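Single-structure report; data block below.
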Amino acid sequence: MVERGSGRSFAKRSSIWLATGALFLLISLGLPWWRPSTLPETFPPNVEQLDRQIWAAGVADHFPTQYAAFHQQVSDLRQHWRVEISQWWPSWTVEEFDQSYNQLMNSGSTLLAAGEKKKRSQQSRLREILAQEQAQLARLRNLNGLFDLRGKRTALSRAESFLSQGLIHLNHGRVESVPRLLAEAQTTMDPIETTLIQQMSRYTDSQNIAQWNRWITDALAESRTTGGLVLVVEKAAQEFRLYQKGLLRRRFPTDLGYSGLQDKLYEGDGATPEGIFQIIRKKQGGETKFYKAFMLDFPTPLHERRFRLAKAKGLIPGNRGIGGLIEIHGQRSAQRDLTNGCVALDNAIMDLLFPLVPLKTPVVIVGALDPRNSVSEALTPIQRHHMHRESVNFPTVMTLSRAPVQ
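In our numbering, the protein residues as written are 21 to 426.
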């Protein structure tokens, strides 16, 4: 016997199952097209473009820790986006993505601004150092004709070329090559400065100054006693002085050898010798090519002794002698500074002196009489720059050829 109502109950249960199945079918078909929010289908390019821009600006060199952190955050954001975009039900909302993206853009922009500021500061400092080195080069060139720069002119020209190239590169924004060019110029000038400083330091040495003053004092004392003439040449002042009876009578400008401020050591060095000499011959007409001349008794026994000692120490080339034929003479035509260690005066001055100055007249040639002289004043900025020269060790933009890591 069939219970009443069982057919209706079965039909009801079947309807529920059918409705539930239809609902699940609709959900399964609809969910792939429904998400709580829509993430971008492609990773926004702006943040990666900013990363490359920061790298190209050299920020990684100036702020390596900050750049590494930023670059890692960009990589992490990209990876997180890839994971989320591959899921049918992402756990990341578009708002969360936008927040992370905007934070990265802001921090990257701040980092880029800091890097560009650092770069401008570096460019300004490089320009300043270039100017300082160019000023030093000019100071060295100004000593040509006073100290022996014959073998160093090529090096000075090379240093000038490095500095000129550095300025050109800096003006065209190629900052990365400027420190190298600056360093090349500094390396080229450094040994020249060292040699010149050593030569010029004689003019600041208290013992040298005292000795030169003694020579003058003794010669003038004898002049006062005998009533005779004394000729004095002060090399630092490039001045010729005529004394009589110990009193200054006349003074004239003079030219020296092409290395005239050095003390003569051997023939061909272009230096004007220092010491106490006598006039041993007066020359004019066909006897000299320098109009008129007073020939001095160089080398003296003191100079010969010093020459032998220097040669024994290897300070003099083996084929060089001590030299001679040191004169006080006139000029050839309008040419000047053509002497090989002599003292040159204008021809009109030689005309004045020639009849007045007898043989055996004392001639005293000194470096300087005061520690504050033209050479010591020229030495000060050269030495200061040499001692305190700033090494060019700036980090430079684009020093590496690699690109930002992807």
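Cβ atoms here follow ideal geometry from the backbone N, Cα and C, with glycine treated the same way. Only a predicted model underlies this, so the values are computations on that prediction, with no experimental measurement involved.
Counting along the chain, where does the alpha helix (DSSP H) carrying I236 start and finish?
In the sequence shown, the residue the question calls residue 236 occupies position 216. Judged by DSSP secondary structure, I236 falls within the alpha helix (DSSP H) whose first and last residues are S226 to T246.
Boundaries of the alpha helix (DSSP H) in which A77 is found, first to last residue:
Position 57 of the sequence shown, counted from the first residue, corresponds to residue 77. Taken as a continuous stretch (DSSP letters only), A77 belongs to no alpha helix (DSSP H), as it is neither H nor E.
Minimum C-alpha distance to S120 - residue among Q218, R98 and R72:
The count along the sequence shown starts at 1 and reaches residue 120 at position 100. Proximity to S120 across Q218, R98 and R72 peaks at R98, based on C-alpha coordinates.
Could you round the C-beta distance between G266 and A230 to whole angstroms and report it? I think they count as a contact, below 8 Å.
On the sequence shown, position 246 is the one that residue 266 refers to. On the sequence shown, position 210 is the one that residue 230 refers to. Actually they are not in contact, since the Cβ atoms of G266 and A230 sit about 20 Å apart, beyond 8 Å.
Which residue's Cα is closest to the Cα of S106: R270, E68 and F63?
Stepping through the sequence shown from its first residue, residue 106 is reached at position 86. The residue with the shortest Cα to Cα distance from S106 is F63.
For D210, the nearest candidate out of R234, L190 and L157 (CA to CA):
Reading the sequence shown from its first residue, position 190 is the one you call residue 210. Comparing alpha carbon positions, the residue from R234, L190 and L157 closest to D210 is L157.
Taking the beta carbon of K137 as the centre, do at least 16 other beta carbons fall within 10 Å, making it buried, or is it exposed?
Start at 1 with the first residue of the sequence shown, and residue 137 comes out as number 117. It is exposed - the Cβ of K137 has fewer than 16 other Cβ atoms within 10 Å.
Same chain, Cβ closer than 8 Å to F167, five either side skipped, listed in chain order
Stepping through the sequence shown from its first residue, residue 167 is reached at position 147. Taken in chain order, the residues that qualify are L216, Q219, M220, S279, L281 and Q282.
So what does DSSP say about L190, is it helix, strand or coil?
Walking along the sequence shown from the start, residue 190 turns up at place 170. Helix, per DSSP.
Check the C-beta distance from L262 over to L276 and give it rounded, since I have them as a contact under 8 Å.
Counted from its first residue, the sequence shown places residue 262 at position 242. Counted from its first residue, the sequence shown places residue 276 at position 256. About 18 Å separates the two Cβ atoms, so there is no contact after all.
Cα-Cα separation between P382 and K309, rounded to whole angstroms
Mapped onto the sequence shown, residue 382 falls at position 362. Mapped onto the sequence shown, residue 309 falls at position 289. The alpha-carbon atoms of P382 and K309 are separated by roughly 24 Å.
Does the distance from the C-beta atom of V94 to that of V114 stay below 8 Å?
On the sequence shown, residue 94 is found 74 positions in, with the first residue counted as 1. On the sequence shown, residue 114 is found 94 positions in, with the first residue counted as 1. No, these two residues do not count as a Cβ contact at 8 Å.
Determine the extent of the alpha helix (DSSP H) in which Q304 is found, giving its start and end residues.
The residue given as residue 304 occupies position 284 in the sequence shown. No alpha helix (DSSP H) holds Q304; the beta strand (DSSP E) holding it covers G295 to Q304.
May I have the straight-line CA-CA distance separating S177 from G193, to the nearest angstrom?
Within the sequence shown, residue 177 is the residue found at index 157, counting from 1. Within the sequence shown, residue 193 is the residue found at index 173, counting from 1. Rounded to the nearest angstrom, the two C-alpha atoms are 24 Å apart.
Do you know offhand how far S396's Cα is from Q403's?
Here residue 396 corresponds to residue number 376 of the sequence shown, with the count starting at 1. Here residue 403 corresponds to residue number 383 of the sequence shown, with the count starting at 1. Distance between the alpha carbons of S396 and Q403 is about 10 Å.
Roughly how many whole angstroms lie between the Cα atoms of V103 and M125?
Within the sequence shown, the letter at position 83 stands for residue 103. Within the sequence shown, the letter at position 105 stands for residue 125. Whole-angstrom Cα-Cα distance: 21 Å.
Have a look at W108 and H91 and give me their C-alpha separation to the nearest angstrom.
In the sequence shown, counting from the first residue as 1, residue 108 sits at position 88. In the sequence shown, counting from the first residue as 1, residue 91 sits at position 71. Their backbone Cα atoms lie some 28 Å apart in a straight line.
Which of helix, strand or coil does DSSP assign to K309?
Position 289 of the sequence shown holds residue 309. Residue state, collapsed to three classes: coil.
Evaluate Q142 with the Cβ neighbour count: other Cβ atoms within 10 Å of its Cβ, from every protein chain shown; 16 or more gives buried, anything less gives exposed.
On the sequence shown, residue 142 is found 122 positions in, with the first residue counted as 1. It counts as buried.
For H189, collect the residues of the same chain with a Cβ closer than 8 Å to its Cβ; drop the 5 residues on either side in sequence, then sort them by chain order.
Here residue 189 refers to the residue found at position 169 of the sequence shown. Correct list, in chain order: V195, S197, V198 and L201.
Proximity to L160 [Cα-Cα], best of R72, S144, E180 and E148
The sequence position of residue 160 within the sequence shown is 140, counting from 1. Ranking R72, S144, E180 and E148 by Cα distance to L160 puts E180 first.
Give me the residue from H323, R269, P319 and Q258 with the minimum Cα distance to S394.
Taking the sequence shown and counting its residues from 1, the one referred to as residue 394 is at position 374. Of the listed residues, the one whose Cα sits closest to S394 is Q258.
I'd like the list of long-range same chain contacts for K172, defined as Cβ closer than 7 Å, with 5 residues on each side in sequence excluded.
Residue numbering aside, residue 172 sits at position 152 when the sequence shown is read from its first letter. The residues are I212.
Going by C-alpha distance, which of D225, P375 and R269 is nearest A388?
By 1-based counting over the sequence shown, the position of residue 388 is 368. It is D225 whose Cα lies nearest to the Cα of A388.
In the DSSP assignment, find the beta strand (DSSP E) that holds P391 and state where it starts and stops.
Translated into the one-based positions of the sequence shown, residue 391 becomes position 371. It is not in any beta strand (DSSP E) - P391 carries neither H nor E in the DSSP assignment.
What's the call for R234, buried or exposed, on a 16-neighbour Cβ count within 10 Å?
Residue 234 sits at position 214 when you count from the first residue of the sequence shown. The residue is exposed, with fewer than 16 neighbouring Cβ atoms inside 10 Å.
L268 bridges to which residues according to DSSP?
As a position in the sequence shown, residue 268 is number 248, starting the count at 1. L268 is bridged to Y263.
In the DSSP assignment, what are the bridge partners of G171?
Within the sequence shown, residue 171 is the residue found at index 151, counting from 1. None; G171 has no bridge partner.
Host beta strand (DSSP E) of S252 (start-end)
As a working note, residue 252 is residue 232 in the sequence shown. First, the residue type needs correcting, since residue 252 is Val and not Ser in the sequence shown. L249 to E254 is the extent of the beta strand (DSSP E) around V252.
For I348, which beta-bridge partners are listed by DSSP?
In the sequence shown, residue 348 corresponds to position 328, counting from 1. According to DSSP, I348 bridges with F314 and V363.
Residue span of the alpha helix (DSSP H) that contains D96, given as start and end:
Walking along the sequence shown from the start, residue 96 turns up at place 76. Segment P84 to I105, the alpha helix (DSSP H) holding D96.
Hey, E294 and V377: beta-carbon distance below 8 Å or not?
Position 274 of the sequence shown, counting from 1, holds the residue named residue 294. Position 357 of the sequence shown, counting from 1, holds the residue named residue 377. Not in contact: E294 and V377 (Cβ atoms no closer than 8 Å).
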